[in-house]
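K.L.:
Protein chains: 2
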Amino acid sequence: MSDFPKLSPGIANEYKEELVTREPISDSQYKRMIRDMGLKVTHQRLAILRSLSKGRAHVTAQEVFENLHQDHPDMGFATVYRFLRKLTEEGFVTEIRMGGLPARYELKAKTHHDHLTCIDCGKIIEFENQEIESLQEKVAKAHGFQLTDHVLELYGTCHDCPYKRSLAKG
Amino acid sequence: MSDFPKLSPGIANEYKEELVTREPISDSQYKRMIRDMGLKVTHQRLAILRSLSKGRAHVTAQEVFENLHQDHPDMGFATVYRFLRKLTEEGFVTEIRMGGLPARYELKAKTHHDHLTCIDCGKIIEFENQEIESLQEKVAKAHGFQLTDHVLELYGTCHDCPYKRSLAKG
DNA sequence: GCTTAAATGATAATAGTTATCATTAAAGTT
DNA sequence: AACTTTAATGATAACTATTATCATTTAAGC
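Chains as they are written, first to last, in this note's numbering: chain L, 1 to 170; chain R, 1001 to 1170.
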């Protein structure tokens, strides 16, 4: 039985994010995804994909590993990291990095969205704004770029924040 | 004499970013910045600030350390990391993290801007778009947030790219 | 079932960053 | 300008997230 890698245990629980209900995805859809990436379908990969589509939306590699550890006690975390990286590279998953914290992963929804994060309690709100999207395209085109992806992360404090420490910002 | 930490040497040079001319900032302005943060003015901190305002705009901690190593052979990289972190926390510097690459730092200009990055050659173009800014404020307000900061990073391929490997993206 | 190449899990290794701590230096006081 | 106090520094060790290695296992085409 493998030990957990020494990842900071406190951080994960500070995120007060709500559980998100996503539309259920069938195993056959997952299998197609995996084959589309040119990979073999393994029960580990299916389990990781299933895990990503339930519970909180933005999870660390460690959290995925822990979620799976109950049902798959023999799953190694290298497999989790490997597959999350592949999913990110192939565009099925969005990777969020904030400060030096462990990366958080999110299965891409059919509808694109960006994030609004509270710097005090860590709450993450998803939003979509088509006006912003098209302005981005406009900017890229003006500089001779073909857009492939973007990251828009808004940071602030939520009004009903249970933490309230609000550092001064320049 | 201290050895460098083992940072990957190749990455830095892959960035084809142009040198940026910024308006010169006097030492007395730097000193005020440092005192405003409640810190003592040291020649190390002055040197770091001077380094940030010349040469390429987006530098890693290692690059800052190396730039300074000629004139300050006794400067430790812990000092560079420490001060860059402080500058980031206090909002004088923007920290950019892309993938698992080392963080890049940039002295905040008077005029805010965002980034458009080529995923093939690493070129970084700065842009500002007031329409996007105000839409962001609108989104935050709609969710009961007080904005303190944001990150908008556009990724794509530049038309005159010398690398051209363009992965498929979902 | 057989074969082969890919995937896995355990582990070691790595890279970037941060903590530790003895020494040095800033800046106020006389 | 010497004295004091407290913060800053540099060298180093430690840490954390992530990736590479490699022997073993497993998927999937025949």
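All C-beta atoms, glycine included, are put in the ideal place defined by N, C-alpha and C.
All of these numbers come straight from a predicted model, not from anything done at the bench.
Any residues in the region 136–153 of chain L with a beta carbon nearer than 7 Å to a beta carbon of chain R? Which ones, in chain order?
P.N.:
Answer in chain order: Q136, V139, A140, H143, G144, F145, Q146, L147, T148, D149, H150, V151, L152, E153.
K.L.:
Could you pull out every residue in the same chain whose Cβ sits closer than 6 Å to the Cβ of E1153 (chain R), ignoring the five residues on either side in sequence?
P.N.:
Counting only Cβ-Cβ distances below 6 Å, and skipping sequence neighbours, we find H1115.
K.L.:
Report the start-end ranges of each alpha helix (DSSP H) in the region 1024–1087 of chain R that is 4 residues or longer and not cut off at the edges.
P.N.:
For the region 1024–1087 of chain R, whole alpha helix (DSSP H) runs of length 4 or above, ordered along the chain, are 1027–1036, 1043–1052, 1061–1069.
K.L.:
Which class does E1131 (chain R) belong to by DSSP, given the choice of helix, strand or coil?
P.N.:
Helix at E1131 (chain R).
K.L.:
With DSSP collapsed to three states, give me the class of E1090 (chain R).
P.N.:
It is coil, neither helix nor strand.
K.L.:
Taking C-alpha atoms, which residue in R:R1056, R:E1128, R:L1052, R:L1068 lies nearest to T1088 (chain R)?
P.N.:
The option with the nearest alpha carbon to T1088 (chain R) is R:L1052.
K.L.:
Counting C-beta neighbours from all protein chains within 10 Å, is the total for Q1070 (chain R) 16 or more, i.e. buried, or is it exposed?
P.N.:
With fewer than 16 other Cβ atoms within 10 Å, it is exposed.
K.L.:
Nearest CA to the CA of H1113 (chain R): which residue from R:A1103, R:E1133, R:G1122?
P.N.:
Ranking the options by Cα distance to H1113 (chain R), first place goes to R:E1133.
K.L.:
Can you check whether the CB of F127 (chain L) is closer than 8 Å to the CB of H1150 (chain R)?
P.N.:
Contact flag unset, no.
K.L.:
List the endpoints of the continuous beta strand (DSSP E) containing T157 (chain L).
P.N.:
Element bounds for T157 (chain L): 145–158.
K.L.:
Taking its Cβ as the centre, do 16 or more other Cβ atoms sit within 10 Å of L68 (chain L), making it buried, or is it exposed?
P.N.:
So L68 (chain L) ends up on the buried side.
K.L.:
Who are the near neighbours of M1075 (chain R) in its chain, counting only those whose CB is closer than 8 Å to its CB and skipping five residues on each side?
P.N.:
Hits under 8 Å: Q1044, A1047, F1065, L1068, H1069.
K.L.:
Say whether chain R places a C-beta atom closer than 8 Å to the C-beta of H58 (chain L).
P.N.:
Not an interface residue.
K.L.:
Could you spell out the range, first to last residue, of the beta strand (DSSP E) harbouring R104 (chain L)?
P.N.:
Per DSSP, R104 (chain L) belongs to the beta strand (DSSP E) from 104–107.
K.L.:
Just reading off the beta strand (DSSP E) that D1114 (chain R) is part of, what are its end residues?
P.N.:
1114–1118 is the span of the beta strand (DSSP E), which, as asked, contains D1114 (chain R).
K.L.:
Compile a chain-ordered list of the residues in the region 1115–1136 of chain R whose CB is closer than 8 Å to at least one CB of chain L.
P.N.:
Answer set for the region 1115–1136 of chain R: L1116, C1118, I1119, I1125, F1127, N1129, E1131, I1132, L1135, Q1136.
K.L.:
Tell me whether D71 (chain L) counts as near the ligand GDP, meaning its Cβ is closer than 7 Å to at least one heavy atom of that ligand.
P.N.:
Annotation note on the ligand GDP: not contained in the displayed structure, which lists no ligands.
K.L.:
So Q136 (chain L) packs on L147 (chain L), CB below 8 Å; how close in whole Å?
P.N.:
At roughly 7 Å, the Cβ-Cβ gap stays under 8 Å, so Q136 (chain L) and L147 (chain L) are in contact.
K.L.:
Just confirm the distance between the C-beta atoms of F1092 (chain R) and M1033 (chain R), as a whole number of angstroms; I'd bet it's less than 8 Å.
P.N.:
F1092 (chain R) to M1033 (chain R), Cβ: 6 Å. Contact.
K.L.:
Would you mind stating whether M37 (chain L) and E95 (chain L) have Cβ atoms separated by less than 8 Å?
P.N.:
No.
K.L.:
Report buried or exposed for L49 (chain L), applying the criterion of at least 16 other Cβ atoms within 10 angstroms of its Cβ.
P.N.:
L49 (chain L) is buried by the Cβ-count criterion.
K.L.:
L1039 (chain R) to K1031 (chain R), Cα distance in whole Å?
P.N.:
The alpha-carbon atoms of L1039 (chain R) and K1031 (chain R) are separated by roughly 10 Å.
K.L.:
With R97 (chain L) and R1085 (chain R) assumed to form a contact (beta carbons below 8 Å), what rounded beta-carbon distance in angstroms separates them?
P.N.:
Between R1085 (chain R) and R97 (chain L) the Cβ distance is about 16 Å, and since that is not below 8 Å, they are no contact.
K.L.:
Which term fits C1158 (chain R), buried or exposed, when burial requires 16 or more other beta carbons within 10 angstroms of its beta carbon?
P.N.:
Buried, because 16 or more other Cβ atoms sit within 10 Å of the Cβ of C1158 (chain R).
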